[in-house]
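Just below is one structure, and these are the notes that go with it.
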Amino acid sequence: MKTSMTCLLLLASLFIACSRNEKPFAYNGRMDTDVIRLVAKTAGTIDTLSFKEGNLVKKGQLLVKVNDRRLRLRLKQQQAQLDELNANLQAIESKQRQLQSQLNFNRQTLAKTRAMLKQGAATQQQVDQLQTEVDILGARLEEIMTNKKLIASKRRQLQAAIDITRLNIEDSRITAPIQGLVINRFVNLYESVAPGSPLLELADLSVLKATIYVPLTKLNRLKLGQKATVKIDGTDETFEGKITWIASEAEFTPKTILTEETRTSLVYAVQIEVPNPGQKLKIGMPVEVYIEKE
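All residue numbers in the sequence shown are consecutive under our numbering, ending with 936.
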């Protein structure tokens, strides 16, 4: 009896030891990252192209400049039109002040004349003439106020057009939104481009993502934040990462992943984020991903 119990204990200990020494799950994957495609925002001819494919560029660095001579000439024309409108507005405001002063004087004179009419010191004809002058001045002031509103509206429209032109001049300079690697260039120097034309593709290689595909039977063993080890195919070099995304919907295994027998299996995509300070990991590089059981 004691011998049987001893054997059972030994078997249990062996099972626990084997469980603890169980190898981590291994998956095949490829390295990838988010790619930023920069496009032209204004039409024109490229007169500056300060990068090549494979160049590492800094954030804010000028990459492409579209010739902005026409835009700057248009801006000068618009500013001259705005100066003209401002001069017209000043002239109208000066005329408004003169008419308002004359109207105020005529109203005071009309009030005094009406008082004199009651005392017999003025005639009705004088009162009527002053009233007519007051009415005419009032109508002219209303016309001036209408013209001021029209000029003010034109000023706002022209100022908006100037702001757009300035924005187009600013948009003619394409700078790097991030520090990264130029992975594709789609234009050449002196080439004409239209708004929306692709110029280049930029990628941040400081952090890459490995995408693997996990069957449903093993999905419950994974969770966000779980540590993973990424190994470059054909080398012993490894990189530490963590799971940052697990798909919520199943898909068929991509034909470039796993074996012929498993290509029709339903799997879930999982992404592992891997810091890449030395940029040894490259986009498209095949890797092996090991995820320790927790």
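We treat Cβ as the ideally placed atom computed from N, Cα and C, and that holds for glycine.
Check your understanding: Are the beta-carbon atoms belonging to Asp846 and Ile804 less than 8 Å from one another?
Key -> No; because the gap between Cβ atoms is not below 8 Å, this pair is not in contact.
Exercise for review: Would you give the residue range spanned by the alpha helix (DSSP H) that Thr751 belongs to?
Suggested key: Start and end: 711-761.
**Study point:** Residues near Leu823 by beta carbon distance below 6 Å, same chain, minus five either side
**Key:** Answer for Leu823: Leu698, Ala845, Leu847, listed in chain order.
Exercise for review: Assign Asp725 to one of two classes, buried (16 or more other C-beta atoms within 10 Å of its C-beta) or exposed (fewer than that).
Suggested key: Burial call: exposed.
Practice item. Buried or exposed for Asn826, please, with buried defined as at least 16 other CB atoms from any protein chain shown within 10 angstroms of its CB. Key: Exposed is the call here.
Review point. Ala845 lies in the beta strand (DSSP E); which residues open and close that run?
Key: 840-845 is the span of the beta strand (DSSP E), which, as asked, contains Ala845.
Point to revise | Whole-number beta carbon distance between Val872 and Val929, since they are thought to touch under 8 Å | key: About 5 Å separates the Cβ atoms of Val929 and Val872, confirming a contact at the 8 Å cut-off.
Exercise for review: Have a look at Leu831 and Val706 and give me their C-alpha separation to the nearest angstrom.
Suggested key: C-alpha separation (whole angstroms): 9 Å.
Exercise for review: Would you kindly work out how many angstroms separate the C-alpha atoms of Val849 and Thr675, rounded to a whole number?
Suggested key: For Val849 and Thr675, the gap between their C-alpha atoms comes out near 8 Å.
Practice item. Tell me the start and end of each unbroken alpha helix (DSSP H) in the segment 839-896 that is at least 4 residues and wholly inside, in chain order. Key: Runs of the alpha helix (DSSP H) lying entirely within the segment 839-896, each at least 4 residues long, are 858-861 in chain order.
Practice item. Identify whether Thr684 lies in helix, strand or coil by the three-state DSSP scheme. Key: Look at Thr684 here: in three-state DSSP terms it is coil, with no helix or strand label.
**Study point:** Outcome for Lys922 when other beta-carbon atoms lying within 10 angstroms are tallied against a minimum of 16
**Key:** By the C-beta density criterion, Lys922 is exposed, having fewer than 16 other C-beta atoms within 10 angstroms.
Review point. Within the chosen definition, does the segment 730-744 reach the segment 853-872 through at least 3 CB pairs nearer than 8 Å?
Key: Contact check between the segment 730-744 and the segment 853-872: fewer than three CB pairs, one atom from each, fall below 8 Å, which does not count as touching.
**Study point:** Start and end residues, beta strand (DSSP E) containing Asn826
**Key:** Counting along the chain, the beta strand (DSSP E) containing Asn826 begins and ends at 822-827.
Check your understanding: How is Asp676 classed by DSSP in three states: helix, strand or coil?
Key -> Taken through DSSP and simplified to helix, strand or coil, Asp676 comes out as coil.
Exercise for review: Using three-state DSSP, classify Ser834 as helix, strand or coil.
Suggested key: Looking at Ser834 - three-state DSSP - the assignment turns out to be strand.
Review point. Is the CB-CB distance between Gly686 and Val931 below 8 Å?
Key: Here Gly686 is not near Val931, since their CB atoms are 8 Å or more apart.
Check your understanding: Would the beta-carbon of Leu759 fall within 8 Å of that of Val769?
Key -> Going by C-beta atoms, Leu759 is nearer than 8 Å to Val769.
Check your understanding: Does the beta-carbon of Thr901 have 16 or more other beta-carbons within 10 angstroms, so that it is buried, or is it exposed?
Key -> Annotation note: pLDDT 48 at Thr901 (below 50); position unreliable, coordinate value reported separately. Looking at its Cβ environment, which holds fewer than 16 other Cβ atoms inside 10 Å, Thr901 is exposed.
Review point. Of the choices Lys865, Gly926, Val776, Met787, whose alpha-carbon is the least far from that of Ile874?
Key: When each option's Cα is compared against that of Ile874, the closest is Gly926.
Point to revise | Alpha-carbon to alpha-carbon, Leu680 and Leu866 | key: It is roughly 32 Å from the alpha-carbon of Leu866 to the alpha-carbon of Leu680.
Point to revise | Asn663 versus Ile933 - alpha carbon distance | key: Interpretation of Asn663 is limited by its pLDDT of 47, a score under 50 that renders its predicted location unreliable; the figure taken from the coordinates is listed afterwards. The alpha-carbon atoms of Asn663 and Ile933 are separated by roughly 14 Å.
Point to revise | Backbone CA spacing between Lys924 and Met673 [nearest angstrom] | key: Rounded to the nearest angstrom, the two C-alpha atoms are 7 Å apart.
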